[in-house]
Structure formats: structure tokens, C-alpha cells
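Throughout, the working numbering is defined as the position within the sequence shown, counted from one, plus 175. Single-structure report; data block below.
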Amino acid sequence: MGVPPTPSEVFERAVEEGERRLGQSTLELVATSFIAGFTIVFGIVALGIVEAAFRSGFGAIAGVAGALAFGPGVVFLVVGRAELFNENFFDPMATAVERDGSWLVPRLLRLWVLTFAFNVVGGALLVGVLSVEGALPAGTGRVLAETAAEIAHRPHAAEFVKAITGGALVSLLSFMLASVDGSMARIAVAYVVGVLLTLGPFDHVVVTVLHVLFGVLVGAEVGVGALAATTAVTTAGNLVGGLGLVTLSHVAQIRGERGSRG
Numbered sequence: 176m177g178v179p180p181t182p183s184e185v186f187e188r189a190v191e192e193g194e195r196r197l198g199q200s201t202l203e204l205v206a207t208s209f210i211a212g213f214t215i216v217f218g219i220v221a222l223g224i225v226e227a228a229f230r231s232g233f234g235a236i237a238g239v240a241g242a243l244a245f246g247p248g249v250v251f252l253v254v255g256r257a258e259l260f261n262e263n264f265f266d267p268m269a270t271a272v273e274r275d276g277s278w279l280v281p282r283l284l285r286l287w288v289l290t291f292a293f294n295v296v297g298g299a300l301l302v303g304v305l306s307v308e309g310a311l312p313a314g315t316g317r318v319l320a321e322t323a324a325e326i327a328h329r330p331h332a333a334e335f336v337k338a339i340t341g342g343a344l345v346s347l348l349s350f351m352l353a354s355v356d357g358s359m360a361r362i363a364v365a366y367v368v369g370v371l372l373t374l375g376p377f378d379h380v381v382v383t384v385l386h387v388l389f390g391v392l393v394g395a396e397v398g399v400g401a402l403a404a405t406t407a408v409t410t411a412g413n414l415v416g417g418l419g420l421v422t423l424s425h426v427a428q429i430r431g432e433r434g435s436r437g
């Protein structure tokens with residue numbers, strides 16, 4: 176086995192990846208974000224199908240089985256180099272901190288806005304297709320509808336905390352991907368994070384919005400106001416967890432390491 180990279184080496188890798196993401200053309204960024212949106216829907220669908228299949232005979236284990244089924248959706252994203260919204264927190268922010276230039280702020284905002292918008296557009300398209308009656312196995316729609324209603328009607332404080340944790344977890348995924356070498360290691364890390372994200376369940380705003388939308392289209396009673404509130408609270412929590420807990424902590428770690436060497 177090789178020697179694991181130091182935190183500084185991981186950070187340098189993140190800076191390079193952040194430069195790539197910030198340097199994407201508009202067409203490339205829109206296409207990548209669109210692809211990521213419909214890719215993660217496969218994880219949501221797998222979760223619904225497996226949980227529905229396990230509910231009748233296995234009770235509480237159904238949720239665990241659903242989480243295990245969701246994991247490949249995150250693997251598809253990582254292997255396919257598609258990007259969900261707060262996957263774009265750690266690496267681009269590392270670039271912005273390293274380059275120490277306010278000129279990067281418009282590029283960061285462009286990256287985040289377009290990624291979020293086209294994640295939802297791409298995912299909503301596939302959600303609409305798969306919501307057609309008979310497209311999914313029996314019982315799947317009921318599971319998705321119940322989950323959507325549960326998400327949309329959570330107390331905002333609980334939703335915010337779940338979103339902080341989800342944002343931290345997905346940003347940790349970015350850090351860990353920069354820490355490993357080889358396809359199998361990347362697949363393993365992505366799968367574990369996907370399972371943990373669903374097992375919580377912790378909230379990533381794009382996954383949460385698409386899950387609620389899916390539920391609405393198959394019968395969940397969720398109003399536009401509840402969906403908007405869920406989106407706002409989850410986005411805020413993801414920002415706190417992804418940028419605040421993870422990204423700023425690693426920035427402080429790197430500066431402390433460099434300071435001790437100096």
C-alpha cells in the first residue's frame with residue numbers, strides 16, 4: 176500500500192479539482208449538472224423499490240435495505256464525474272482560499288447557481304417520466320409518497336440539523352475523494368457516503384427536493400409552500416454543514432500545518 180497523502184497534499188489536489196470545476200464552460204457546466212440530476216434519481220428509485228419489497232416481511236430492516244440500494248446512485252455520480260450542488264463546496268472553495276482573490280466570487284456563484292438549477296431540472300425530467308402509472312413496481316409509489324410527506328412536514332429545526340449533517344457528509348466525500356487513489360477506492364468511498372446519507376436520513380437539498388417532487392407526483396399531499404420551505408431550510412443547512420463545518424475546518428487545518436512548518 177502507498178503512503179496516504181498529507182492534509183496539505185489533499186488540499187492541493189482539491190485546489191486543482193476546484194480550478195477545473197470553476198473553469199468549465201457554461202455548456203459543460205449545464206450538461207454536467209443536468210446529468211447529475213437525473214443520475215441521482217436512479218438512487219431514489221432504487222431506494223423506493225427495495226424498501227417497498229422489504230416492508231411486508233422485514234419491517235424496520237426495510238429502511239436499511241433502502242439505504243444500501245441508494246448507495247450506487249452516488250457511485251454513478253462519482254464514476255461519471257457528474258456533480259451535485261454541494262459536491263461543489265470543498266474543491267472550489269479550496270481554490271478560492273488558495274488563490275486569495277475576490278475575483279473568484281462571481282465564478283463560485285455561477286457554479287453553485289447553475290449546478291443547483293440544472294440538477295433539479297435534470298432530476299425533475301426523469302422523475303416526471305418515472306411517475307407515469309405502472310412505470311415502477313407495485314408499492315414503490317406508496318413508499319416514495321410517504322417519505323416525501325415525512326420530509327416536507329418535519330419541524331424546521333430538525334430539517335435544518337439533518338441538512339447540516341448532510342452538507343457536511345457530502346463535502347467530506349469531496350475531501351475523501353481527493354485523499355484516495357484508484358477507481359475501486361473512489362467507488363467504495365462514494366458508496367459508503369451514499370448509504371450513510373440515506374440511513375440518517377440526512378438531507379442533501381437536491382436529493383431532498385427531487386424525493387419530495389417524486390412523492391408529490393405519485394400522490395403525496397405536499398403543497399408548494401411546504402416544498403419551498405423544505406428547499407430553503409435544507410439549502411441553508413447544507414451551506415452551514417458543507418462550507419462551515421467541513422471546508423473552513425480543513426482550511427484552518429492546512430493553515431495551521433503550514434504555520435507550524437514556517
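Beta carbons are placed, not taken as given, at the ideal position from N, Cα and C, and that holds for glycine. Model, not experiment: these values are computed from the prediction.
- Valine 307 sits in coil when the DSSP states are folded into three classes, being neither helix nor strand.
- The Cβ atoms of valine 387 and valine 397 lie closer than 8 Å to each other.
- The three-state reading of DSSP puts threonine 181 in coil, since its state is none of H, G, I, E or B.
- Note on leucine 423: under 16 other CB atoms within 10 angstroms of its CB, so exposed under the neighbour-count rule.
- The beta carbon of valine 296 is closer than 7 Å to those of Phe209, Gly212 in its chain, skipping five residues each way along the sequence.
- The beta carbons of alanine 365 and glycine 416 sit no closer together than 8 Å.
- Its Cα nearest to that of leucine 414, the residue Ile339 stands out among Ile339, Glu321, Gly218.
- About 4 Å separates the beta carbons of glycine 341 and phenylalanine 377, which is inside the 8 Å limit, making them a contact pair.
- When C-alpha distances from serine 200 are compared across Val370, His331, Leu289, Ala324, the shortest belongs to Leu289.
- In the structure shown, the three-state DSSP call for valine 302 is helix.
- By the criterion of at least three beta-carbon pairs nearer than 8 Å, the region 296-316 is in contact with the region 214-222.
- The continuous alpha helix (DSSP H) containing glycine 390 extends over residues 380-392.
- Excluding five sequence positions before and after valine 367, none of the CB atoms of its chain fall closer than 7 Å to its own CB.
- In the DSSP assignment, valine 368 falls within the alpha helix (DSSP H) that extends over 358-374.
- Nearest neighbour of arginine 195 by Cα position, chosen from Ser346, Asn263, Arg361, Gly316, turns out to be Asn263.
- Counting along the chain, threonine 410 sits inside the alpha helix (DSSP H) bounded by residues 399-414.
- The beta carbon of isoleucine 429 is closer than 8 Å to those of Pro182, Ser183, Phe186 in its chain, skipping five residues each way along the sequence.
- With 16 or more neighbouring CB atoms inside 10 Å of its own CB, alanine 244 falls in the buried class.
- Secondary structure at arginine 195: helix, using DSSP grouped into helix, strand and coil.
- Distances from the alpha-carbon of leucine 392 to those of Phe350, Glu321, Gly248 put Glu321 closest.
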